[in-house]
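The block underneath contains the structure these notes are about, expressed in structure tokens.
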Amino acid sequence: MIRRSAVLVLLGLLAISATAATLTGTVTNATTGKPSAGDDVALLGMSQGMNVLAQTKSDANGKFSFNIDDQSTPHLVRVTHGGASYFPQGGPVRPGATTVEVNVYDSAKKLDGVATNVNVMRLQAEKDTLQVLELIAVKNDSKPPRTLAGERTFEFYLPAGAHVDQAIVQGPGGMPVNTTATPDGNSGKHYFTYALKPGETRFEIAYHLPYAGEATFAPKITDNIQHFVVMMPKSMNFEAKNASRFSPMNEDPSATVQVATGVTPGTDLAFRVSGTGVLQDEQRGGAEQAQGGGAMGGDSRPGGGLGPPTDAPDPLHSIRWYILGGLAIVLVSGGVFVVSRANQHGGGAQSAPVQAAAAPAVVPTATPAVKDRSTLLLEALKDELFQLEVERQQGKISQEEYEKSRAALDQTLSRALARKSGS
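Every number in the numbering used here is 100 more than the matching position in the sequence shown, counting from 1.
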């Protein structure tokens, strides 16, 4: 009996040693090019939600380590530096990985080299509602590279009477997460409180307006914008106050695309739209979701089948992805959770506008291979859990709202992990 018990204990120790491992990492300050010492480093578990499993600080050489008891599930490393959170470029630490590297940047409240790269307005109208999806890409090209942090890192204006349905942000190399477009009085000004890291950050704001068959927009330009784009169905009409400011871009036969290049503060970009219609990719995205396939099950090319841009060397080549592409690949998987949480915050009245603005137009960087559906779902859930934790820490949601959202996300995450391991 004693010998049998000893064998069982030995087998248990062997099983533990087989799954336990040490994860080591390095934090580098990419602003100075030196190791970053004294940063808060957290190990997050992803098997049953986003749990903080362990915490430490980077040493004088930027090094840190964690003991991982279960290597069969993915983990994530979060480093906090200068009030901003940073994660490994590759995302979660996959099972079996033993090392990880994280780059951080010094923060500043004011920076040169931060400017709007592209502002795209996608419009469509049905009955008495005009739906607008604005994509704003902000480039942080500061020298040396630093993160713009503070209460109002980016300000923008929406038309009078606009009702915001949803706001999403995607940091450089990251996945899209929910954010808040905070109004500043009744002037139409809104602002984001989101750290702008070196590289391109993409904001996406879905809103709707009452519509009586025509509407006039007078964008308030307060920054230099490389490209200002207006896109709508061919069945709708576009008329610019100053026609010389816009040029047509004939990329999609089903849509009207007008582009103003080299826009400076104070430029008059007023335009009028009339008629009704729905953008073709919005119709296709809704049909695919209704069939259960979504963007995952059909054409996996960016833009849902519109195809990659041509190789023609014209000045607008660099912005075709913004105009033709879509983020439906990620949001078809995780959108139900985003919409669910939006309804919790804003009530049932928001559900229709958010659904109508489905398949937002943010375009992720093109990758050589298309990720499988389970991986995309896991990544979308990861970022939604991040945002949930941030909102709880900032006091933006109640404990009851947090627990309900967390329980729903945990259940879905468990199913996604089970599908992933079984594939």
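Idealized CB from N, CA, C, for every residue including glycine.
Proximal residues to residue i (C-beta, below 7 Å), its chain only, five neighbours per side dropped
| i | result |
| --- | --- |
| G271 | K297, T301 |
| V200 | L123, G125, V177, P188, V193 |
| L143 | L153, A154, F166, H175, V177 |
| Q224 | Q231, M332, P333, G377, V378, L379, E382 |
| S136 | V127, T128, N129, S158, G162, H181, V204 |
| A318 | A370 |
Range covered by the beta strand (DSSP E) that runs through residue i
| i | result |
| --- | --- |
| P353 | Element bounds for P353: n/a, residue is neither H nor E. |
| M221 | 214 to 226 |
| P319 | First-last for P319: undefined, no H or E at that position. |
| V202 | 199 to 204 |
| I168 | 163 to 168 |
| D140 | 140 to 145 |
| T156 | 151 to 157 |
Beta-bridge partners of residue i, as assigned by DSSP
| i | result |
| --- | --- |
| A184 | H181 |
| S347 | V359 |
| T280 | Its beta-bridge partners do not exist; DSSP assigns none. |
| S374 | E314, N337 |
| A306 | L233, Q266 |
| G125 | F164, V200 |
| K239 | A215, E300 |
| L176 | L144 |
| I325 | T216, V363 |
| A208 | L248 |
| P135 | T128 |
| M331 | R222, V357 |
Simplified DSSP state of residue i, which is helix, strand or coil
| i | result |
| --- | --- |
| A249 | coil |
| A507 | helix |
| Q189 | coil |
| Y294 | coil |
Contact set for residue i: own chain, Cβ-Cβ below 6 Å, skip 5 residues either direction
| i | result |
| --- | --- |
| A340 | F346, F371 |
| E234 | M221, I305 |
| N219 | I236, I325, F328 |
| A315 | L230, V373 |
| Y311 | A225, D228, T229, L230 |
| A281 | V264, A267, H290, I305 |
| V330 | M221, Q358 |
| T361 | H327 |
| A160 | A137 |
| L309 | L230, G261, A262 |
Contacts around residue i, its chain only, beta-carbon distance under 8 Å, and the 5 residues preceding and following it disregarded
| i | result |
| --- | --- |
| T132 | D206, P244 |
| H445 | With a pLDDT of 43 at H445, under the threshold of 50, the modelled position of that residue is not reliable, and no figure is offered here. |
At least three beta-carbon pairs within less than 8 Å, the stretch 205 to 215 to the stretch 286 to 294:
no
Stretch-stretch touch, CB-based, cutoff 8 Å, three pairs: the stretch 354 to 366 with the stretch 244 to 253:
no
Below 8 Å, can you find three or more Cβ-Cβ pairs linking the stretch 156 to 175 to the stretch 120 to 130?
yes
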